[in-house]
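A.B. asks:
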Ligand code: ADQ
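Numbering (the working numbering), first residue to last: 316 to 773.
1) In or out: residue 259 buried (at least 16 other Cβ within 10 Å) or exposed?
2) Please state the DSSP three-state secondary structure of residue 582.
3) What residue does the beta strand (DSSP E) around residue 358 start on, and which one ends it?
4) Going by DSSP, which residues form a beta bridge with residue 373?
5) Checking the sheet assignment: what are the DSSP bridge partners for residue 469?
6) Measuring CA to CA, which of 402, 429, 409, 427 is closest to residue 416?
7) Taking the alpha carbon of residue 641 as the point to measure from, which residue in 619, 658, 612 has its own alpha carbon closest?
8) Considering residue 705, what are the terminal residues of the beta strand (DSSP E) in which it resides?
9) Keeping to the same chain, check which residues put their C-beta closer than 7 angstroms to that of residue 391; ignore five residues upstream and five downstream.
10) Would you kindly check if the distance between the Cβ of residue 475 and the Cβ of residue 680 is under 9 angstroms?
11) Provide the residue(s) that pair with residue 280 in DSSP beta bridges, ordered along the chain.
12) Would you list the one or two residues that DSSP bridges to residue 674?
13) Which residue marks the beginning of the beta strand (DSSP E) containing residue 765, and which one marks its end?
14) Rounding to the nearest angstrom, what Cα-Cα distance links residue 588 and residue 440 in this structure?
15) My guess is that residue 617 and residue 560 are in contact by the Cβ rule of under 8 angstroms, so how many angstroms apart are they, rounded?
16) Quick check: what's the CA-CA separation for residue 378 versus residue 460?
17) Residue 522 by DSSP, collapsed to three states: which one?
18) Should residue 674 be listed as close to the ligand ADQ, given that the test is whether its C-beta is under 8 angstroms from any heavy atom?
19) Determine whether the beta carbon atoms of residue 770 and residue 320 lie at a separation below 9 angstroms.
20) Taking only the alpha-carbon atoms, compute the straight-line gap between residue 599 and residue 729 and give it to the nearest angstrom.
21) Could you say which of 498, 526, 755 lies nearest to residue 692 if we only look at CA atoms?
22) What runs of the alpha helix (DSSP H), each 4 residues or longer, lie entirely inside the stretch 582-669?
23) Are the CB atoms of residue 365 and residue 374 within a distance shorter than 9 angstroms?
24) Any idea if residue 647 is buried or exposed, counting beta-carbon neighbours within 10 angstroms, 16 or more meaning buried?
25) Can you find a heavy atom of the ligand ADQ that lies under 8 angstroms from the Cβ of residue 616?
26) Please name the residue, chosen from 458, 518, 678, 470, that lies closest to residue 280 on a Cα-to-Cα basis.
27) What distance in whole Å lies between the Cβ atoms of residue 546 and residue 339, which are believed to be in contact at a cut-off of 8 angstroms?
28) Hey, quick one: how far does the alpha helix (DSSP H) through residue 461 stretch, first residue to last?
29) With DSSP run on the structure shown, which of helix, strand or coil describes residue 322?
30) Could you give the DSSP three-state label for residue 482: helix, strand or coil?
31) Please state whether DSSP places residue 535 in a helix, a strand or coil.
32) On the criterion of 16 or more Cβ atoms from any shown chain inside 10 Å, does residue 357 qualify as buried, or is it exposed?
33) What span of residues does the alpha helix (DSSP H) with residue 744 cover, start to end?
34) Quickly, what does DSSP pair residue 681 with across the bridge? List them, please.
35) Please return the same chain residues whose Cβ sits closer than 6 angstroms to the Cβ of residue 525, not counting the five positions on each side in sequence.
36) Would you say residue 703 touches the ligand ADQ, meaning its beta carbon is less than 8 angstroms from a heavy atom?
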């Protein structure tokens, strides 16, 4: 394969020793870029002076060149906090009630995509393969084509693709839909997302799937496919195995004094169903009073996108709810919910997954959900915990040996918690093995390679 160019909103730069930041996606893309003398372009995360954008800042680390651009305050407000995170994110997660469309933000979104195309164009060589990531950059291929780019360009959507009636409620949905037809490969996490995309094209009278992964839309033929993203399974298993002596894990275990741990780990985001989860845990305790004082929900939730008003409101709502449950059911020596807003290191995280009897992963809607996969990979093979997983996470398509629940149905989640905590070891091992087999085959490297193989296939 020729040189690979990856374009994403943010670029996970390696540390001063050249090691990529932890996290399967960053590691897999870095390894693909290393192999192909790659280039990774994106936003630096910095705000430039009011109107002036300096040229790309480039640095080479190992075999990889990183090309970063700053954005103006207006760009960040309109493109990132605006159209991407207040229109596309809620709409694609079926939260039309939270979608705040404004024309200025849409034009900011396109302005930044044009800026990316202008900055990237001079760096592209004829045989380069370009891989664009996620909802921030849907129009990029179209902008590159307008500038004469004839290279192979692939796109991967990390969030779900919504059903047609939801997409069509978004003003300018047609421009977004058409933008995808400029790619040579459009990848989704699951077949459901791909079917939703095809249904949008069909209802719009704009195109159809042709079979053999091919799609015809807006006068172009391109490939489409489902590529379920995954984790670095072997590495996660190894880290979890070494985590017993991690000080945070040891202290947490000691502080539980033998009571059962249920764990939830998510960015603070309304798509993750955190308030419904705490409500379900509350109901579980009310329904199973013998579990009072003997079960703790640890909810680890770093804040995210705090400049978007819905996220600030949510932070308040979750903290209040956790406080209310603790006030109502807690005792001097036991708090039912431990709620923290911190990011944890990989080893601590893996170790906490391992000591938790239940992984409670209940998003209202999620493209994939890597926490579910990490929880499974971190378990002790001879005595694994139980994964309770939302049907509306892309991960549920593969991890169907989890206890699958509807996150809108508090009673079913509460019942699943009791089933999980009282599940015999043989049943836990059987469910875990079935899931682990899939994770060992479909790890993040497999995901990366299969996307690139499909993109470069004739
Ligand atoms: P996210 O919405 O961020 O990703 P997810 O897939 O669960 O959701 O990934 C979160 C990652 O952050 C996991 O690797 C997790 O370990 C880490 N993380 C979360 N809380 C943490 C904490 N407190 N400390 C340390 N690490 C923490 C988007 C989509 C998903 C899709 C991914 C990848 O929304 O559906 O699975 O991209 O495509």
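From the three backbone atoms N, C-alpha and C, an ideal C-beta is built for every residue, glycine too.
C.D. replies: The relevant details are as follows:
1) Because the chain spans 316 through 773 in this model, residue 259 falls outside it and cannot be assessed.
2) Three-state DSSP puts residue 582 in coil, outside helix and strand.
3) Residue range 354-362 is occupied by the beta strand (DSSP E) that includes residue 358.
4) For residue 373, which the question treats as bridged, DSSP gives the partners 382.
5) 446, 500, per the DSSP bridge assignment.
6) Out of 402, 429, 409, 427, 402 has the C-alpha closest to the C-alpha of residue 416.
7) A check of alpha carbon separations from residue 641 across 619, 658, 612 identifies 612 as the nearest.
8) Its beta strand (DSSP E) spans residues 701-705.
9) These residues qualify, in order along the chain: 362.
10) Residue 475 sits close to residue 680, with the two beta carbons spaced by under 9 angstroms.
11) With the chain covering 316 to 773 only, the question about residue 280 has no answer from this structure.
12) DSSP lists 578, 702 as the bridge partner or partners of residue 674.
13) Note, residue 765: premise wrong, no beta strand (DSSP E); alpha helix (DSSP H) at 759-771.
14) About 44 angstroms.
15) Actually they do not touch by this definition, with Cβ atoms about 24 angstroms apart.
16) Each residue's Cα considered, the two are about 27 angstroms apart.
17) If DSSP states are grouped into helix, strand and coil, residue 522 belongs with the strands.
18) Result no, Cβ not under 8 angstroms from the ligand ADQ.
19) In this structure, residue 770 lies away from residue 320, with their beta-carbon atoms at least 9 angstroms apart.
20) Taking the straight line from one Cα to the other gives about 4 angstroms.
21) Taking only the C-alpha atoms, the option nearest residue 692 is 755.
22) Runs found: 589-602, 624-644.
23) Contact: no.
24) Residue 647 is exposed by the Cβ-count criterion.
25) Yes, since a heavy atom of the ligand ADQ falls inside the 8 angstroms radius drawn around the Cβ of residue 616.
26) For the chain, the structure presents residues 316 to 773; residue 280 sits outside this window and is missing.
27) Confirmed, about 4 angstroms.
28) Looking at the DSSP string, the run of the alpha helix (DSSP H) that includes residue 461 is 455-461.
29) When secondary structure is reduced to three states using DSSP, residue 322 falls in the strand class.
30) In the structure shown, the three-state DSSP call for residue 482 is helix.
31) Note: residue 535 maps to strand in three-state DSSP.
32) Counting of Cβ neighbours within 10 angstroms places residue 357 among the buried residues, the total reaching 16 or more.
33) Per DSSP, residue 744 belongs to the alpha helix (DSSP H) from 740-756.
34) Residue 681 is bridged to 708.
35) The answer, listed in chain order, is 531.
36) Taking non-hydrogen atoms of the ligand ADQ into account, the C-beta of residue 703 is found less than 8 angstroms away from none of them.
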